[in-house]
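J.:
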Amino acid sequence: MTGTSYQKGQQTEQAAEQYLITQGLIPIARNIRFRTGEIDLIMQDGHYRVFIEVRFRKHARFGSAAESINYNKQQRLIRSAMLYNQRYPSNQPWRIDAVVLTPGQTENYHFQWLQSAIHG
379 MTGTSYQKGQ QTEQAAEQYL ITQGLIPIAR NIRFRTGEID LIMQDGHYRV FIEVRFRKHA
439 RFGSAAESIN YNKQQRLIRS AMLYNQRYPS NQPWRIDAVV LTPGQTENYH FQWLQSAIHG
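Given below as structure tokens:
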């Protein structure tokens, strides 16, 4: 991966989205921004609306990608998901997942999909 941090973020989000599509999810939206924070991906998983935080760590020396989703980040994600649901009401249940990417040995990334990773 080369380029700016923004470009790298876009590349990892695209890779995560493609991975989730292969797992049967359907894309709804990307990079939805609110004052409370940003939602990387919104997808449909069966009857669930799924808000997805994408994290990448090249090295684990400062903690894993999953560990980087601290309490404050979790609270911002929850508030942003609630705002999205207010703006686009739906009767379907929803959850917040995380997709953690690390460099792969034979492929570009290793994916770990953490379903219902963040609870309100």
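The sequence shown begins at 379 in the working numbering and counts up one residue at a time.
Cβ atoms here follow ideal geometry from the backbone N, Cα and C, with glycine treated the same way.
To the nearest angstrom, report how far apart Ile474 and Gln385 are at their CA atoms.
T.: Here residue 474 refers to the residue found at position 96 when the sequence shown is read from its first residue. Here residue 385 refers to the residue found at position 7 when the sequence shown is read from its first residue. For Ile474 and Gln385, the distance between alpha carbons rounds to 24 Å.
J.: Give a yes or no on whether the C-beta atoms belonging to Glu431 and Ala476 are separated by under 8 Å.
T.: Translated into the one-based positions of the sequence shown, residue 431 becomes position 53. Translated into the one-based positions of the sequence shown, residue 476 becomes position 98. In this structure, Ala476 lies closer than 8 Å to Glu431 by Cβ.
J.: Below 8 Å on the Cβ atoms is my contact criterion, and I expect Val478 with Gln493 to pass it. Report the Cβ-Cβ distance as a whole number of Å.
T.: Here residue 478 is taken as the residue at index 100 of the sequence shown, counted from 1. Here residue 493 is taken as the residue at index 115 of the sequence shown, counted from 1. The Cβ separation is near 12 Å, so there is no contact.
J.: Under a three-way DSSP split, which group does Pro481 fall into?
T.: Within the sequence shown, numbered from 1, the residue matching residue 481 stands at position 103. Of the three classes helix, strand and coil, the one that applies to Pro481 here is strand, per DSSP.
J.: Short check: CB of Met420 to CB of Tyr462, under 8 Å?
T.: Locating residue 420 in the sequence shown gives position 42, where the first residue counts as 1. Locating residue 462 in the sequence shown gives position 84, where the first residue counts as 1. According to the sequence provided, residue 420 is Ile. The question's Met does not apply to it. Result yes, Cβ atoms of Ile420 and Tyr462 sit closer than 8 Å.
J.: Considering only DSSP beta bridges, list what Pro405 is partnered with.
T.: The sequence position of residue 405 within the sequence shown is 27, counting from 1. Answer by DSSP bridge pairing, in chain order: Met421.
J.: Can you list, in chain order, the residues of its chain with a C-beta nearer than 6 Å to that of Tyr487? Leave out the 5 residues immediately preceding and following it.
T.: Along the sequence shown, read from residue 1 onward, the residue named residue 487 stands at position 109. For Tyr487, where only same-chain residues beyond five positions count, the Cβ hits under 6 Å are Ala393, Leu479.
J.: Can you give me the Cβ contacts of Met379 inside the same chain, cut-off strictly under 7 Å, excluding the 5 residues immediately before and after it?
T.: Start at 1 with the first residue of the sequence shown, and residue 379 comes out as number 1. Here Met379 scores only 44 on pLDDT, less than 50, and its place in the model should not be relied on; the value that follows carries that caveat. Same-chain partners within the cutoff: Lys386, Gln389.
J.: If contacts are defined as beta-carbon pairs under 8 Å, then Trp472 and Tyr397 qualify, I think. What distance do you get, rounded to the angstrom?
T.: The sequence position of residue 472 within the sequence shown is 94, counting from 1. The sequence position of residue 397 within the sequence shown is 19, counting from 1. 20 Å between Cβ atoms; not a contact.
J.: Secondary structure at Tyr466, three-state DSSP: helix, strand or coil?
T.: Walking along the sequence shown from the start, residue 466 turns up at place 88. Reduced to three states, the DSSP call for Tyr466 is coil.
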